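As structure tokens, the structure follows; a few thoughts come after it.
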Amino acid sequence: MTILFKFQNIIASHIRLSSFSINMHRVRILLFVFFFVGVLPLAGQEPVVVSGVYNQVSLEEVILDLEKKSGYNFFFLKDWVAQDSVTLTVNNEAIFSVLDKVLEGTPLNYHILENEKRIILLENTIVYDELPLYFFGRDSTNVNTETTRGIRNVPPPTFFNEDVRQTQKEYAVSRVGKADVTKLKSAYMLNGKAFNARTGTVIEDLAIRIKGTNMLSVTNTQGDFELELPAGYNVLSIRAMGIASTEREVIMYSDGSLNLVLEEGLQQLDEVVVEADAAKNVEDAITGSEQIDSEESKNIPLVLGERDVLQVAKALPGISSAGEGATGLNVRGGKTDQNLVLLDDAVIYNPQHFFGIFQALNPFTTKGVDIYKGAVPLEFGGRLSSVFDIRTKNGNVEEVSGEASIGPVTANLALEIPLQKDKSSLVVGARGAYADWILRSLDDESLNNSQASFFDGILKYHNRMDDNNEVKATAYYSRDAFSITSDSLYNYDNRLFSARWDHRYNEKTNSALIVGNSRYGFGIDFDSEANTDFDLDYTIEETELKYKLRTLLNEKHKLDYGISTKFYAVNPGSIQPTGGDSNVTANFIDQEQALEGALFVGDEITLSEKLLVNVGLRYAFFAALGSGTQRTYQDGLPKNESTVLDTISYGSGDVVKTYGGPEARISVRYLLKPDLSIKASFNNSYQFLHTLSNNTTVSPIDTWKLSDLNIAPQQGYQASLGIYKNFKNNEYELSLEGYYKRMDNVLDFKTGADLFLNENVETEVLQGDGKAYGVELLLKKNRGDFNGWLSYTYSRSLYRFDSEFSEERVNNGDFFASNFDKPHDVSLITNYKFSKRYSLSANFVYQTGRPVTYPIGTFRFNNADFVAFSNRNEFRIPDFYRLDLGFNIEGNHKKNKLAHSFVTISVYNVLGRNNPYSVFFVTDNGEVKALQSSIFAVPIPSITYNFKF
Amino acid sequence: MQIKTRPNIVIWIFAGSICFGLSACIEEFEAENITDALAGALVVDARISDQNREHTIFLSRTFSLEAFEPLPEKGAQVGISDELGNRIDFLEITPGAYSTNGAITLEQDKMYTLEVLTIDGVRYTSNEASLPGKVEVKDLRAERRVNGFEKEGIAILVDNEDTSNRPNYFRYEYEETYKIVAPYVNPFDWDEIDYDINDGDGWEVTIASRDELVNVCYGNNKSNDIILASTAVLDANNLDDFEVRFLGSENYAISHRYSILVKQYHHDINAASFFGLLEDFSSIEGIFSNVQTGRLEGNIAVQNSDMAIVFGYFELSSYSEKRIFFEYEDFFPNEPLPPYLTNCATGAPPLYPEGFHITPVPEGGEFIIDGTAGSPLIDGILTGLYAYHADNEDYEEYILREGLGGAAPFFVKPLGCVDCRVFGSIIVPKFWTEE
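Just so you know, the sequences run in chain order D and F. Position 712 of the first sequence, counting from 1, maps to 697 under the numbering used here, and the rest follow consecutively. Just add 3 to the spot in the second sequence (first one is 1) and you have the numbering used here.
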């Protein structure tokens, strides 16, 4: 029996391979020819005869009986012969005649291999004992296909390839009719009836169109239809009022019938979602939203072959970072702490490994990310610039499957395990880095003891209990550790849990209850021979509870409303001596606590077919809580030791200070044409926690600080206006969007501020305002062998810190460019598929060089020369550009292969452009030396092997 | 309470190394156009300690990076006053250097202010400062250690003693002196050098006995980086085992006998933060994170001008110092010495270059050398490259066989291998003791 199946597979795989037909490789053609040469029946041989009496005998038994009697080996799949039964009497009849009778009325054909004494049963199809005409190519490309058919009156065999199917694989391919050598035609009749899946009633006025043609049939009042289809593979596009638009694939072997059982339109099927998504760009009311699918991003070459949705995000307009190797993203001129990054509804404070070079998310468990940089959905808040809503996949509920990859720096593994068939599943992902070898392999003894490693793991449970209830839960942990000197170890970690219960109360109202807990921390362990060993820690932890509802009031009003509340607990820094003889004093800065809450209600109003308005109001509330102490300072004076008025102590749970206010979320969409719209939006927001950093770029040991008596929340206002157009059935998307943004009370720091383990950090903090504006152009090609996008952004990001007192002023109180202000930013992401298996990708990025603070003079002090710096960010480093290339090879598509493989060979920074990242002016031996750093100054090749099973 | 967590350095080295593996990460570049946009702002370098001695304040102007030397600020009136108005004047001794008239002693518990009036009429004054309390260096010692980079060597460690209950801030400088022993002792040295081709006997080099041996010298080295320490995060307010200097085991300075004088300046928190920032702004930082640089505010302000800018600091400190000596054998008994300061390969530079040829001058009597080649041997001696090592026994035979061109009369060593004065002085420092 195993041989039997193998044989089937060979046929199957040949059929698949041959779908490449004209473009096929020579080698395969030879195989193919060899195969068919082997099956040519020998003429003139006496047929074997058999006898038998069958009365209501199952087809399987009949076949097995014939196998015994005839001496032929039969090859078939058990499924094919499981259902039919046979009543027949034959007496010394030739085997082919018996088979004709036995298989009559079944979709089965047979083929006799006389030499091997084998009979192969085939479902629907027949074995062609000669190659289709022009199999090896045509001499002229202008031959009319129909004429060709006419001559032969035989259509070419249907080679159906699982991977060229055009629709989602929701429905099995329908095979209609039974091929009959004597009745091969170029088209066959299909008839059938359409039923409503829920009610069982027939559907009238259902339009059934053959995709890509104008051939159409409409069901009559009895739901009947009749349609002539070309032989072979066809896609039917099915539409009717109240019925979910759908597509069905059929293979026509001969005339036959097919009944269509269709879902109602309200229960959105996946296909419908896909349709809707395609036009989402134009039809949504939301401005400034982007979507990245983790799987789809696999072709984009990134550094060291690591798939990374956050890096891909940087190629979208309005999203950037200070440079390669800069942690954190800057969205529309906002600071890196103004992004709300969520992993399955819970905040992830640092979603990046290794100084931002890699994402801290397993690419195989990550479904994708929705990015909101303009109008942020009502349920989110607490950050000024953007929301990155990262979703983990729901596990496979059918069978165990997995994906794994091996790259030069990391290894990834993800498993999807069904727990309860068709209902619940578990996703397990783990990922580790082995960067140590890079350090070890260097010919530098001082690095032999250095280490760098990271790890992340995720566990997701998903249970779709019934149509009205769905439960998800996620647990995630990531950790980075690095050290160079053997006496100090730096580490940071993220931990989060979230659980979500989606519930449908009735057809109109559904809800989601979300609980999340996130923690971020870092530490430094210093263990030297001196008596200054210490262990230093920082943590922030938050717990969120959110309940949101959506009610479809009527056709015009869709209400969104809910409540969310968060509790923060921050350990702003602690240091403890380690080892017996350490003289370090233990120091614990007071814990900070706070409560953040929001109430929100919004309505999506469909005023007309063309005008969609989304109005929302969110009330944000924040209370800094005791216990703890806070200083008060004299009004109107800089906050420093000499202006302290009082120190107030708060008991546990006492309210230190409250902040809050209403946030508006308004967006409007007007459809000028079905594929052309304009949108406008306005929103404002509050942010109650801030990162403290005296670096020009983010470092993993920056701390988060809650607003308190002396540090007010940041506020932001953004207005945007855009025009969106889709072309060619949503194949192309074009959008042009402009925005203007104001920010109040953004934080900065006095030059050289000491922020860590500082009990009175407010004395180092400056609060000022910012403005950002820009225009973003995005052209996307979503489908086809050649796809990708081109984005161009012109934007500015300016900040101002002004005060009567010079110690609180930066650049004389004028607006200055932020560290990530890069006016011109062009990204081109392309992928060209030149066959099913091979594709080539290229990225190109160009950005204006980022601003830096540059020397404007030199001075001599303490017998050495030093540089005097300009006003902040008065100069720019040279422009940045980079080209990456990737070559992707999909493994072959043999169905029963153990694993499906995918190999990416990529070269990052092909041009070897030495893009400066920053400049330093170092005093060495009393002399000033100018140094510049770059992260990836030469082309970096890598090869990554992925496989699915 | 503040602590210097110093992640930047570590991150840099780490990242730097990644980059060296994959690409070049930090490299020097030619900084262009760093001309002095400050148009010569005043720079005040006023570091005064409680030592009873003459003190000097340096005044200069900011300058362009291309220029090598700052312009000294001449003709200024410089003085420090206490709160009672008593003033100590600093008089210009050399351009830009203003010194007290003989030794002075500042008093504890008094507040002092620095005043500078430049010749253009701009007045600068510092914030009030006072001498911090006396903290003595209690112990200075050397210890064989492996440092954080797993490098073996000698750590110079400081302990100091303070009984006050306030955190202390220190700045260190050091001067190290070490014995150098040239590996090739030679009683002979070059004597006459005849570099005249027309004096009848051509070029000639002779040797003669040395008057004194030059194989033992004393090298000297001063710290040129900013070394800061604080007790802010420590239980006690004294330092214990603070590493002022680390000498790798391959550092020649520790080969024989080594001495280090550690100078401790005890200053206040404001001075500590100024020097700390100066260090941060002028040292290599993280590849992935760099400190936001900006205007470095000192404690000196312009009083009567909107245009003038001033850099610098008026630092008052209490001073303490200590010196130690040690021998290589104390820490590395029977272990090979670190490599000598220079490679001591033997060479044989010819007196006449390869292919040497002279032509008589038509007017008669003299010769001119074809080409411009000089004598490799004489040129090397005159530029201080070669020391005499030995005679070349094959010299005569070579000339007979091959001619003058390329013939080397002597074997030579790099000068420093014989004469250690290249690296130090043969004068024994006054403080030097053996045992």
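By construction, the Cβ of each residue, glycine as well, lies at the ideal position given by its N, Cα and C atoms. Fair warning: this is a prediction, and the values are worked out from it, not measured in the lab.
Residues of its chain near residue i, where Cβ-Cβ distance is below 8 Å and the 5 sequence neighbours each way are ignored
i, result
"residue 386/D", "400, 401, 933, 934"
"residue 228/D", "181, 188, 191, 247, 248, 249, 250"
"residue 57/D", "33, 51, 80, 97, 102, 103, 104"
Span separating the alpha-carbon of residue i from that of residue j
i, j, result
"residue 104/F", "residue 219/F", "39 Å"
"residue 319/F", "residue 777/D", "56 Å"
"residue 220/D", "residue 691/D", "58 Å"
"residue 337/D", "residue 294/D", "11 Å"
"residue 501/D", "residue 446/D", "14 Å"
"residue 216/D", "residue 98/D", "26 Å"
"residue 554/D", "residue 611/D", "11 Å"
"residue 72/D", "residue 41/D", "5 Å"
"residue 861/D", "residue 905/D", "13 Å"
"residue 738/D", "residue 431/F", "47 Å"
"residue 154/F", "residue 569/D", "25 Å"
"residue 924/D", "residue 885/D", "29 Å"
"residue 527/D", "residue 55/F", "60 Å"
"residue 145/F", "residue 334/F", "9 Å"
"residue 743/D", "residue 574/D", "8 Å"
"residue 606/D", "residue 352/D", "32 Å"
Helix, strand or coil at residue i according to DSSP, with G and I counted as helix
i, result
"residue 748/D", "helix"
"residue 164/F", "strand"
"residue 279/D", "coil"
"residue 199/F", "coil"
"residue 861/D", "strand"
"residue 339/F", "coil"
"residue 423/F", "helix"
"residue 317/D", "coil"
"residue 628/D", "helix"
"residue 798/D", "helix"
"residue 34/F", "coil"
"residue 387/F", "coil"
Neighbourhood of residue i by C-beta, 6 Å cutoff - its chain only, sequence neighbours within 5 removed
i, result
"residue 95/D", "84, 104, 106"
"residue 282/F", "229"
"residue 543/D", "537, 589"
"residue 922/D", "899"
Beta-carbon proximity check, residue i vs residue j, cutoff 7 Å
i, j, result
"residue 260/F", "residue 182/F", "yes"
"residue 114/F", "residue 131/F", "yes"
"residue 583/D", "residue 609/D", "no"
"residue 779/D", "residue 798/D", "no"
"residue 751/D", "residue 786/D", "yes"
Neighbourhood of residue i by C-beta, 7 Å cutoff - its chain only, sequence neighbours within 5 removed
i, result
"residue 37/D", "50, 54, 75"
"residue 340/F", "258, 331"
"residue 34/F", "68"
Proximity test, residue i beta-carbon vs the ligand GTP heavy atom, cut-off 6 Å
i, result
"residue 516/D", "In the structure shown, the ligand GTP is absent, as is every other ligand, since no ligand is present at all."
ask   = Per the contact definition of three or more C-beta pairs closer than 8 Å, is the stretch 202 to 212 of chain F in contact with the stretch 817 to 826 of chain D?
value = In short, these stretches do not touch, since the Cβ pair count stays below three.
message = Check whether the stretch 363 to 370 of chain D and the stretch 281 to 293 of chain D touch, using three or more Cβ-Cβ pairs below 8 Å as the test.
response = Result no; under three Cβ-Cβ pairs closer than 8 Å.
task = Kindly confirm or deny that the stretch 352 to 368 of chain F and the stretch 149 to 164 of chain F touch, where touching means at least three C-beta pairs closer than 8 Å.
result = These segments do not touch.
message = So, does the stretch 636 to 651 of chain D touch the stretch 557 to 571 of chain D, judging by three or more C-beta pairs under 8 Å?
response = Cβ pair count under 8 Å is below three, so no.
inquiry  = Contact between the stretch 300 to 310 of chain D and the stretch 789 to 805 of chain D is defined here as three or more beta-carbon pairs at a separation below 8 Å; is this criterion met?
reply    = When Cβ pairs closer than 8 Å are counted between the two stretches, the stretch 300 to 310 of chain D is seen to touch the stretch 789 to 805 of chain D, the count reaching three or more.
query = Would you call the stretch 346 to 353 of chain F and the stretch 171 to 180 of chain F in contact, with 3 or more CB pairs under 8 Å?
reply = No, because fewer than three Cβ pairs between the stretch 346 to 353 of chain F and the stretch 171 to 180 of chain F fall closer than 8 Å, the two stretches do not touch.
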